[in-house]
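Written below as structure tokens is the structure these notes are about.
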Amino acid sequence: VFSILGQIAFLPSLVLAARLCPPGIEAVLFATLMSIFNGASTVGTEIGAALTKFLGVTETCFSNLALLTIICNVSSLLPLFFIGYLDGVGDESQEEMEAKQLDGN
């Protein structure tokens with residue numbers, strides 16, 4: 039169930055990428071995005087495991103579990119600081135992009 043919800047949550051990123059993508063390289067861009075997404079997932083898992091070990095949270099010791107939970111939840115909000123870099127991205131509609139392509143040919 040979480041896998042399906044994760045894919046649905048990833049759709050806006052794919053739509054944004056499709057709007058930014060030059061014509062003809064959509065497959066390459068999708069493969070690159072999925073590679074980055076999968077790599078980031080692996081790195082995130084490893085960082086979480088290292089943080090859990092560093093804070094000493096084990097199956098019997100939960101003394102720092104609250105701190106671990108706070109760190110994990112706050113770190114998931116970090117991408118919000120980069121939203122400002124997306125200003126103006128994807129402002130063109132699909133029809134406008136197709137009209138530009140037809141005018142260019």
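Position one of the sequence shown corresponds to residue 39 (our numbering), numbered consecutively onward.
Glycine is no exception: its CB is placed at the ideal position from the N, C-alpha and C atoms.
Remark: three or more beta-carbon pairs, one from each stretch, lie closer than 8 Å, so the stretch 67–87 and the stretch 47–55 are flagged as touching.
Annotated three-state conformation of E136 is helix, per DSSP. Residue range L103 to S113 is occupied by the alpha helix (DSSP H) that includes I108. Assignment of V95 by DSSP, reduced to helix, strand and coil, places it in the coil class.
Beta-carbon to beta-carbon, C59 and L67 are separated by about 5 Å, close enough to satisfy the 8 Å threshold. Here L106 is near T90, since their CB atoms are less than 8 Å apart. Contact annotation, N102 with V95: C-beta distance approximately 6 Å; criterion of less than 8 Å satisfied. DSSP places P61 in the coil class of the three-state scheme, outside both helix and strand.
Contact between G86 and C110 holds: their C-beta atoms lie close to 7 Å from each other, under 8 Å.
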